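Worksheet for the structure shown next.
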Amino acid sequence: MSNNNASAAVMMIVASTFLFSSMDAATKYLGSFMSVVMVLWCRYTIQAGIMAVVVGKIRGVSGFRTMHPRFQILRGVLLASISVLAFFSMRKMPLAEFTAIIMLSPVLITACAGWLLNERIGKLRWALVTSGFLGTIIVIRPGSGLFGWVVIIPLFAMFISSGYSLITSKLAVLENPYTTQFYSGITGSLLLLPFLMLERKELLDFFTQANAAHGGVLVLIGVLGTLGHLLLIMAFSRAGTSSLMPFTYAQIGFAGLMSWLFFDHAPDFWGWVGMLMIAMSGAATAWLNMRKKQ
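Just so we're aligned, residue 548 is where the sequence shown starts under this note's numbering, counting upward by one.
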């Protein structure tokens with residue numbers, strides 16, 4: 548791997564974390580006015596439309612062919628599932644704290660490695676796993692306002708996010724990123740369409756009582772999600788997952804900034820301590836994985 552490829556991959560990853568944080572902030576805002584199905588169906592339909600044009604222009608009809616349809620569909624289902632869980636989570640908890648819990652997934656993968664892959668996990672790795680989970684407990688501690696049944700949703704999303712990341716890293720080197728993004732968008736759109744039909748009245752009200760601001764935010768969510776995940780795939784195709792994972796923790800910082808700018812919320816002292824523990828544990832785990840592969 549050349550230094551130019553590695554540098555480009557890092558910049559793509561950091562840019563994608565900013566786009567994801569912006570998308571989450573916009574989704575949290577719209578969550579006060581619109582249903583989860585309406586927001587997410589528009590998000591994935593816009594992605595499918597954008598990528599259909601891109602694929603058609605750049606690669607032609609052959610660009611829509613995939614050699615791994617089952618993995619493409621599975622990736623789309625997992626991504627849509629994460630989006631639904633994220634939507635409900637951000638209705639009940641602040642953006643920064645939600646992001647920190649989701650970003651625990653690399654630590655979770657390490658914790659499961661011994662059981663799933665029969666790998667030996669050393670004392671240092673166990674210390675990092677423990678530190679990451681302690682950080683999560685500090686973030687959702689009793690008295691923080693987050694403790695309760697609501698934290699189950701982002702924790703469940705974290706498990707799904709781990710599988711999504713693994714499939715994305717595999718498809719990044721097997722399929723064209725534009726094709727993958729198209730299938731993720733169309734899968735999410737078709738998956739949510741039956742539920743949207745159950746909310747025909749809200750859909751009709753949206754178009755008959757059009758709110759330009761809400762419509763603009765809907766389009767923005769679709770564009771941000773499309774660009775963010777496209778950059779993620781392109782980054783994974785240029786550098787290894789383990790070497791890029793430390794940089795994904797920039798999303799916690801961006802989420803904290805968005806939470807402060809748009810929702811007038813800043814994590815308290817212990818909240819920042821917990822998020823820092825999660826970020827440092829995840830980054831150190833990724834660094835150890837990178838060293839092991841060298």
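Glycine residues also receive a C-beta, built at the ideal position from the N, C-alpha and C atoms.
In this text the structure is predicted, and so the values were computed from the model without any measurement.
Supposed close pair residue i, residue j - CB separation, criterion 8 angstroms
{"i": "Thr-897", "j": "Ile-780", "result": "Coverage of the chain is limited to positions 548 through 841, which leaves residue 897 absent and any answer about it impossible."}
{"i": "Ser-652", "j": "Met-824", "result": "15 angstroms between Cβ atoms; not a contact."}
{"i": "Tyr-711", "j": "Leu-625", "result": "4 angstroms"}
{"i": "Ser-568", "j": "Met-805", "result": "5 angstroms"}
{"i": "Ile-714", "j": "Arg-622", "result": "5 angstroms"}
{"i": "Ile-578", "j": "Met-637", "result": "According to the sequence displayed, residue 578 carries Gly and not Ile. Contact flag correct, Cβ pair sits at about 6 angstroms."}
{"i": "Arg-785", "j": "Ala-562", "result": "The pair is not a contact, with the Cβ atoms about 13 angstroms apart (cut-off 8 angstroms)."}
{"i": "Leu-765", "j": "Cys-589", "result": "5 angstroms"}
{"i": "Val-602", "j": "Phe-729", "result": "5 angstroms"}
Assigned exposure category for residue i - 16 Cβ within 10 Å defines buried
{"i": "Phe-794", "result": "buried"}
{"i": "Gly-762", "result": "exposed"}
{"i": "Thr-564", "result": "buried"}
{"i": "Arg-612", "result": "exposed"}
{"i": "Ile-700", "result": "buried"}
{"i": "Ile-799", "result": "buried"}
{"i": "Pro-814", "result": "buried"}
{"i": "Thr-755", "result": "exposed"}
{"i": "Ile-560", "result": "buried"}
{"i": "Ile-605", "result": "exposed"}
{"i": "Leu-740", "result": "exposed"}
{"i": "Leu-808", "result": "exposed"}
{"i": "Met-548", "result": "Bear in mind that the predicted position of Met-548 carries a pLDDT of just 48, short of 50, making it unreliable; the figure below should be weighed with that in mind. Exposed, because fewer than 16 other Cβ atoms sit within 10 Å of the Cβ of Met-548."}
As assigned by DSSP and simplified to three states, the class of residue i
{"i": "Asp-571", "result": "helix"}
{"i": "Asp-815", "result": "coil"}
{"i": "Ala-759", "result": "helix"}
{"i": "Arg-606", "result": "coil"}
{"i": "His-615", "result": "coil"}
{"i": "Phe-580", "result": "coil"}
{"i": "Pro-641", "result": "coil"}
{"i": "Ala-786", "result": "coil"}
{"i": "Met-650", "result": "coil"}
{"i": "Tyr-725", "result": "helix"}
{"i": "Leu-745", "result": "coil"}
{"i": "Tyr-711", "result": "helix"}
{"i": "Tyr-591", "result": "helix"}
{"i": "Tyr-796", "result": "coil"}
Residue i to residue j span [Cα, whole Å]
{"i": "Met-585", "j": "Leu-738", "result": "12 angstroms"}
{"i": "Leu-842", "j": "Met-640", "result": "The structure shown does not extend to residue 842, since the chain is modelled only from 548 through 841, so no value can be given for it."}
{"i": "Ser-709", "j": "Met-744", "result": "31 angstroms"}
{"i": "Val-600", "j": "Ala-797", "result": "31 angstroms"}
{"i": "Ser-736", "j": "Gly-596", "result": "10 angstroms"}
{"i": "Phe-645", "j": "Leu-777", "result": "23 angstroms"}
{"i": "Leu-664", "j": "Met-614", "result": "Because Leu-664 carries a pLDDT of 46, less than 50, the predicted location of this residue cannot be relied on, and the following value inherits that uncertainty. Approximately 26 angstroms between the Cα atoms of the pair."}
{"i": "Ala-802", "j": "Ser-716", "result": "23 angstroms"}
{"i": "Ala-704", "j": "Ala-627", "result": "11 angstroms"}
{"i": "Met-581", "j": "Ala-633", "result": "15 angstroms"}
{"i": "Met-598", "j": "Gly-607", "result": "12 angstroms"}
{"i": "Phe-816", "j": "Asn-552", "result": "38 angstroms"}
{"i": "Leu-671", "j": "Ala-826", "result": "16 angstroms"}
{"i": "Leu-587", "j": "Gly-775", "result": "15 angstroms"}
{"i": "Ser-609", "j": "Ser-630", "result": "29 angstroms"}
{"i": "Val-686", "j": "Val-583", "result": "25 angstroms"}
{"i": "Met-558", "j": "Ala-782", "result": "8 angstroms"}
{"i": "Ile-648", "j": "Leu-642", "result": "10 angstroms"}
{"i": "Ser-731", "j": "Tyr-591", "result": "8 angstroms"}
{"i": "Ile-593", "j": "Ala-759", "result": "17 angstroms"}
{"i": "Phe-635", "j": "Val-697", "result": "9 angstroms"}
{"i": "Ala-830", "j": "Phe-706", "result": "18 angstroms"}
{"i": "Leu-566", "j": "Phe-742", "result": "27 angstroms"}
{"i": "Gly-818", "j": "Asp-811", "result": "15 angstroms"}
{"i": "Ile-684", "j": "Leu-702", "result": "11 angstroms"}
{"i": "Ala-674", "j": "Val-820", "result": "17 angstroms"}
Any chain E beta carbon closer than 8 angstroms to residue i
{"i": "Gln-619", "result": "In summary, chain E is missing from the structure at hand, where a single protein chain is found."}
Okay, do the stretch 738 to 754 and the stretch 603 to 619 touch, 3+ Cβ pairs below 8 angstroms being the bar?
no
For the stretch 572 to 590 against the stretch 714 to 724, are there 3 or more C-beta pairs whose distance is under 8 angstroms?
No contact exists between the stretch 572 to 590 and the stretch 714 to 724.
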